[in-house]
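Quick note, the sequences are listed as chains A and B, same order. Residue 1 is where the first sequence starts when you use this note's numbering, and the numbers rise one by one after that. Residue 1001 is where the second sequence starts when you use this note's numbering, and the numbers rise one by one after that. For glycine and all other residues, C-beta sits at the position ideal for the given N, C-alpha and C. All values derive from a computational prediction rather than experimental measurement. Here the structure comes first, spelled out in structure tokens, and everything after it is commentary.
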Amino acid sequence: GAGVSQTPSNKVTEKGKYVELRCDPISGHTALYWYRQSLGQGPEFLIYFQGTGAADDSGLPNDRFFAVRPEGSVSTLKIQRTERGDSAVYLCASSLNSGRDNEQFFGPGTRLTVL
Amino acid sequence: AQSVAQPEDQVNVAEGNPLTVKCTYSVSGNPYLFWYVQYPNRGLQFLLKYITGDNLVKGSYGFEAEFNKSQTSFHLKKPSALVSDSALYFCAVRDMGGPKTIFGAGTRLFVKA
């Protein structure tokens, strides 16, 4: 079956612009996660959804970052007034549910470059 | 707060030799521990996990890891390395709070033919 997909694969934008990154989870997975991976670092947790609701958004760095999952499937990560420090690979993952022992399946990521 | 340390930025090993990639963790309560591998231009792939039970966990591609509670370690091992094992390896931990995963900074493994 299809894995987690993310679009676009690459996004180049200018400082101050607004961007949206999309994640399509594996069909039937109720939990969805966003991570950010900066160069030379491991993925950093941002937020996760169980169904339509954000269960833990403690990793969002500031109020310029926001994520939604209105129908409990596709999720969009939104970044307002982008800054050069936002440049990173944004990873999405999904799991069958939000149980602590569940394997999270990762997408290929969206590489965001803020000029 | 949860944390994961991978003390080696890079590990070099000759093909056919055993390999070890080190990981230590800090977490409250009983940890859930994971290893992931990342190949160039590909997503993170799950290798193995420790939840409970036997301290030696076997995973994909011949990898295994040993949970050591007293040393708070979860080192990744393979008896005989392949050139195709060359990749970036991440150790990760979840605490009792839920599925939020904390990753280490990663260790790059080079296997030389």
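query, result
"Can you name, in chain order, every residue of its own chain whose Cβ lies under 8 Å from the Cβ of A/S75, other than the five neighbours on each side?", "R22, C23, P25, L32, W34, F49, A67, V68, R69, C92"
"Okay, do the stretch 82-99 of chain A and the stretch 1029-1040 of chain B touch, 3+ Cβ pairs below 8 Å being the bar?", "no"
"Please list the partners that B/K1100 has in chain A, where partner means a Cβ-to-Cβ separation under 7 Å.", "F45, Y48, D56"
"Output needed for A/R64: all residues of its chain with C-beta closer than 7 Å, excluding positions within five of it in sequence on either side, in chain order.", "I79, Q80, R81"
"Just curious, the beta strand (DSSP E) that B/Q1038 is in, first and last residue?", "1032-1038"
"May I ask you to list, following chain order, the residues of the stretch 1037-1063 of chain B that have a beta carbon less than 8 Å from some beta carbon of chain A?", "N1041, R1042, G1043, L1044, Q1045, F1046, K1049, I1051"
"Which residue comes first and which comes last in the beta strand (DSSP E) that contains B/V1004?", "1003-1005"
"State buried or exposed for B/Y1032, treating a residue as buried only when at least 16 other CB atoms are found within 10 Å of its CB.", "buried"
"By the three-class DSSP mapping on this structure, what secondary structure does B/R1042 have?", "coil"
"Does the beta-carbon distance from B/F1034 to B/V1083 come in below 9 Å?", "no"
"Any contact between the stretch 1013-1031 of chain B and the stretch 103-112 of chain A? By contact I mean 3 or more CB pairs, one from each, below 8 Å.", "no"
"Quick check: the Cα distance between B/H1075 and A/G16, rounded to an integer number of angstroms?", "43 Å"
"Leaving out five residues before and five after A/G72 in sequence, what residues of the same chain have Cβ atoms less than 6 Å from its Cβ?", "G51, T52"
"Roughly how many whole angstroms lie between the Cα atoms of B/A1105 and B/K1058?", "23 Å"
"Mind pulling the chain B residues with CB within less than 7 Å of A/A31?", "P1099"
"Could you have a look at A/R84 and say whether DSSP puts it in helix, strand or coil?", "helix"
"Any beta carbon from chain B within less than 9 Å of A/P25's own beta carbon?", "no"
"Note down the Cα distance separating B/Q1002 from B/G1097, rounded to an integer number of angstroms.", "11 Å"
"Smallest Cα separation from A/S87: which of A/T7, A/Q6, A/G28, A/Q37?", "A/Q37"
"For B/V1083, name the three-state secondary structure that DSSP assigns.", "helix"
"Between B/F1110 and A/G42, what straight-line distance do the alpha-carbon atoms span, to the nearest angstrom?", "18 Å"
"Helix, strand or coil: which one does DSSP assign to A/G99?", "coil"
"For B/V1004, decide whether its Cβ has a neighbour in chain A, counting only Cβ atoms nearer than 9 Å.", "yes"
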